[in-house]
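Quick mapping for you: the protein sequence lines, in order, are chains A and B.
Residues in the first sequence are numbered from 7 upward in steps of one, following my numbering.
Residues in the second sequence are numbered from 6 upward in steps of one, following my numbering.
All C-beta atoms, glycine included, are put in the ideal place defined by N, C-alpha and C.
These notes concern the structure reproduced below.
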Amino acid sequence: MKKTFAGVLATALLMTGAACSSSDDSDGGTPKPGEKVELTYWTWAPNMDKVVDGWNTAHPDIHVTVNKQDGGDPAVTKLLTAIKAGSGAPDVMQAEYQKIPTLVSANALADIAKESGGLKSKFPESAWTAVTLGGEALYGVPQDSGPMMFYYRTDVFAKLGLSAPKTWDDYAAAARRIHTADQKQYLGTFSANDPGWFAGLAQQAGASWWGVDGDTWSVAINDAATQKVANYWGGLVQEGAIDNKPMYTPEWNAALNDGTQVGWLSSVWGPGVLEGNAASTKGKWKAALLPQWDAAAPANGNWGGSATSVTTQSKHKAQAAEFIAWLNTDPAGIKALAGTANVYPAAVDSSAALTAPPAFLSDQSDFYTVAAEAAKITKPFTYGPDVNVAYSAYNDAFGKAAASKKSADFPAALATMQQTTVDDMKNTGFKIAG
Amino acid sequence: MTVSTRTPRTASRRGRRAGAPYSFLAPALILFTLFMAAPIAYAGYLSLRRVKISGLGLGAGARTEVWAGLSNYARSLSDPDFLPSVYRVGLYGLIVVPAMLGLALLMALLLDAGRTRVGTFSRTSIFLPYAVPAVVGSLLWGFLYLPRVSPVTDVLGKLGVTAPDVLTGNWTLWAVANIAVWGGTGFNMIVIYTSLRAIPTDLFEAARLDGASDKQIAFRIKIPIVTPSLIMTFVFSLIATLQVFAEPMTLKPLSNTISSTWTPLMKVYRDAFVRNDVYSAAATSVVIAVATFAVSFGFLKLVGNRAFNQEDA
Chain A
7 MKKTFAGVLA TALLMTGAAC SSSDDSDGGT PKPGEKVELT YWTWAPNMDK VVDGWNTAHP
67 DIHVTVNKQD GGDPAVTKLL TAIKAGSGAP DVMQAEYQKI PTLVSANALA DIAKESGGLK
127 SKFPESAWTA VTLGGEALYG VPQDSGPMMF YYRTDVFAKL GLSAPKTWDD YAAAARRIHT
187 ADQKQYLGTF SANDPGWFAG LAQQAGASWW GVDGDTWSVA INDAATQKVA NYWGGLVQEG
247 AIDNKPMYTP EWNAALNDGT QVGWLSSVWG PGVLEGNAAS TKGKWKAALL PQWDAAAPAN
307 GNWGGSATSV TTQSKHKAQA AEFIAWLNTD PAGIKALAGT ANVYPAAVDS SAALTAPPAF
367 LSDQSDFYTV AAEAAKITKP FTYGPDVNVA YSAYNDAFGK AAASKKSADF PAALATMQQT
427 TVDDMKNTGF KIAG
Chain B
6 MTVSTRTPRT ASRRGRRAGA PYSFLAPALI LFTLFMAAPI AYAGYLSLRR VKISGLGLGA
66 GARTEVWAGL SNYARSLSDP DFLPSVYRVG LYGLIVVPAM LGLALLMALL LDAGRTRVGT
126 FSRTSIFLPY AVPAVVGSLL WGFLYLPRVS PVTDVLGKLG VTAPDVLTGN WTLWAVANIA
186 VWGGTGFNMI VIYTSLRAIP TDLFEAARLD GASDKQIAFR IKIPIVTPSL IMTFVFSLIA
246 TLQVFAEPMT LKPLSNTISS TWTPLMKVYR DAFVRNDVYS AAATSVVIAV ATFAVSFGFL
306 KLVGNRAFNQ EDA
């Protein structure tokens, strides 16, 4: 009968497990002068330990230890478990923008407005809103942003006489052209695995899925802008002009590598992924702005991007805030973020650190000019306290739609996503408009 | 005098004796309480709680835990994804349990019949998949299932056969069941084989003298005698089926067909760790635990007498 309770047991064990892996900041209180402060930092950005080495060398009093995480989702799960358990959380935590309302709602992130409020001028408005949630409190300092960009295989485009699509109509035409020329080739895929990707595309179309008015939330996932995006992709999937398989699978990696996926609607961090997954296609890719709904009024969305936050369990809030300010606003920190951790720093004056294009696109000298343009035209977007619910509803509902390949199922999936999100918020007791 | 001196001694010895079993039981009881009873009780407690939001639900004190009565149970049972997941697991069990136990029994009988020359090798290689963790096994099979990376597709393609994409549509259930059968057959085979080896050989000699063939020996003697083992493996397989989790969870990112509530335990995982709603996850866990108890004990009750009578005979 032991196995009967595996599920229940796992929950309890995870909780005790998290409590055991407690950080070593239990000395408590304000340190005496000259005493060394130990901070732990949960992050999943590559090479962050090397970035932090730079800080540790220059700041012997505040020692930061990097604890590498698997990624945004598992790190949040671990953090929320540690918060519920009462101990085990790090001092400093990388938090994706869309997870901040969830974390704040669980009282996992400390308000550092007093310590870091002065950094406001160093960040674009959209990034700053994401860490303040539009209020007086400050729940982190923007670390990196992920303006979406379109990557395409120049050799395939040149062979068919195509140029980078300026509008979504161009994109659809190019997709049809490529698939007609070679039935095995696709310009892209609709991925039901990547809600953040779809949210970015909706953001570009002008959607903002959540909103706040006083103490009332509103949910607008099923709004006209997102419907337009869902219908567009449903049409392309139904006619078979693009693929319907999820991204980030061994299958998709192989397709990028063997030239059957010849385009990718991605983000500024795309070259790093392509380098890992499709190394043999190096030098054949180029980055461009996302295709537009209205070429006269270019817009963009974000996919990815995160802030650095202090957790409510940290006993060294001031020192943690000092480290965060260095990491995200000091020229040395920004340089290391861009050059070593390979993220696109959120700070506005990061252009000095971003001169040479990423190694995978070494021929495209204007890569960061395009990226800066993409970041500049990014539309504002508000995340809600149950992004996780909405995103998992996306996985399920759009998974079904993508599998059915019927265009009518796409707007239906969007309606399901809206319904699930609203129901969850109502059930939890949030005040919802409408 | 003698009585009064003897009495306390006897009493104290008796007291010591009475305490002895408990001190022997203590380690097991403590471990059971810490790692079984307490978590179960905690899950039961959580299943009756819920979160209450005040204001926008942001910052300290915005979330408080309150009693929820049975509302989590009501929500769990009325969730439109719950019944389909139960139904799916039922179908999965109909595929996995007979296939796995049938194969296990067949292989155990073949090995026991001594027809195979490389007995130890076969036994080990059949058992080996059981030693592979379910997640690793599922990843390996995942690679074999994905058309573009699968060597199977290549080979079939060379033969002019287009391999189906087994992670789509109705194939998915079979693809997941296949992994479970691959992973579980070896264990069940060993259990059945061990009890086959325990049968006294004079039974077979007598049967042979009476002119029974190998097939008749298998069906008339061996299978009836190992029935208790078959019942035990059946109950284990039933429980494993109700709790299927690792295989579909690992294949989920590779397929549009596997939703986050594909099996009841996946729903528990999603509620607890994706939606941060441990309360409703706890309620669903309790429902699954009760159902598992009911099904396994119900089955044992049904066949119990017969099985154990056989063993006595």
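Going residue by residue through the segment 109-182 of chain A, where are the continuous beta strand (DSSP E) segments of at least 3 residues, counting only ones entirely within it?
147-159
Limits of the unbroken alpha helix (DSSP H) element including residue 271 of chain B:
269-274
Beta carbon proximity, residue 254 of chain A to chain B, threshold 8 Å:
yes
Can you say whether residue 70 of chain B is buried or exposed, counting buried as having 16 or more other CB atoms within 10 angstroms of its CB?
exposed
Given residue 104 of chain B, which residues of its chain have a CB within under 8 Å of its CB, disregarding the five upstream and five downstream residues?
182, 186
Any C-beta of chain B within less than 9 Å: which residues of the segment 204-231 of chain A qualify?
218, 220, 221, 222, 223
Can you find a CB in chain B that lies within less than 8 Å of the CB of residue 67 of chain A?
no
Interface flag, residue 14 of chain A vs chain B, CB-CB below 8 Å
Any answer about residue 14 of chain A is weak, because its pLDDT of 44 lies below 50 and its placement is not dependable; what the coordinates show is given next. So, interface residue.
How is residue 351 of chain A classed by DSSP in three states: helix, strand or coil?
strand
For residue 59 of chain B and residue 437 of chain A, what's the separation of their Cα atoms in angstroms?
9 Å
In terms of residue numbering, what span does the beta strand (DSSP E) encompassing residue 59 of chain A cover?
Looking at the DSSP string, residue 59 of chain A is not in any beta strand (DSSP E); the run it does join, the alpha helix (DSSP H), is 54-64.
Please look up how many angstroms separate the CB atoms of residue 246 of chain B and residue 101 of chain B, rounded, as I've assumed it's under 8 Å.
6 Å
Beta-carbon contacts of residue 331 of chain A that lie in its chain and below 7 Å, excluding the five residues immediately before and after
122, 125, 147
List, from N- to C-terminal side, the beta strand (DSSP E) runs of 3 residues or more that fit wholly inside the segment 283-356 of chain A.
291-294, 308-316
Whose CA, out of A:86, A:322, A:381, lies closest to the CA of residue 108 of chain A?
A:86
Helix, strand or coil for residue 372 of chain A? Go by DSSP, reduced to three states.
coil
Applying a beta-carbon distance threshold of less than 9 Å, which residues of chain B neighbour residue 355 of chain A?
What residue 355 of chain A touches in chain B: nothing, since even the nearest Cβ is about 30 Å away.
List the residues of chain B that residue 113 of chain A touches, going by C-beta distances under 8 Å, in chain order.
64, 65, 66, 67, 68
Along the chain, where does the beta strand (DSSP E) containing residue 263 of chain A start, and where does it finish?
Element bounds for residue 263 of chain A: not the beta strand (DSSP E) but the alpha helix (DSSP H), 256-263.
Just to make sure I have the definition right: I need the residues of chain A whose C-beta is within less than 7 Å of the C-beta of residue 60 of chain B. Which are they?
221
Taking Cβ-Cβ distances shorter than 9 Å, what residues in chain A pair up with residue 262 of chain B?
405, 406, 409
C-alpha distance - residue 433 of chain A paired with residue 67 of chain B, whole-angstrom precision:
15 Å
Using the three-state DSSP reduction, which class does residue 389 of chain A fall into: helix, strand or coil?
coil
Quick check on the burial criterion: 16 or more other C-beta atoms within 10 angstroms. Buried or exposed for residue 180 of chain B?
buried
What are the complete alpha helix (DSSP H) segments, minimum 4 residues, inside the segment 208-288 of chain B?
232-247, 251-256, 269-274
Check whether residue 198 of chain A and residue 394 of chain A have beta carbons under 8 Å apart
no
Residue 62 of chain A versus residue 72 of chain A - alpha carbon distance
11 Å
Other residues of its chain near residue 275 of chain B: CB distance less than 7 Å, five sequence neighbours each side excluded
265, 266
May I have a chain-ordered list of the alpha helix (DSSP H) segments no shorter than 4 residues that lie completely inside the segment 200-240 of chain A?
201-210
Below 8 Å on the Cβ atoms is my contact criterion, and I expect residue 142 of chain B with residue 197 of chain B to pass it. Report the Cβ-Cβ distance as a whole number of Å.
Not confirmed; about 21 Å, so no contact.
For the segment 413-440 of chain A, which residues have a CB atom closer than 9 Å to at least one CB atom of chain B, in sequence order?
430, 431, 433, 434, 435, 436, 437
Which parts of the segment 139-175 of chain B are runs of the alpha helix (DSSP H), unbroken and 4 residues or longer, counting only runs that do not cross its ends?
139-150, 156-163
Residues of the segment 143-160 of chain B with a CB closer than 8 Å to any CB of chain A: list them in chain order, please.
147, 148, 151, 152, 153, 154
Cβ of residue 307 of chain A within 8 Å of Cβ of residue 207 of chain A?
yes
Residues of the segment 160-179 of chain B with Cβ closer than 8 Å to any Cβ of chain A, in chain order:
173, 174
Contacting residues, own chain, Cβ-Cβ under 6 Å from residue 217 of chain A (five flanking each side not counted):
224, 388
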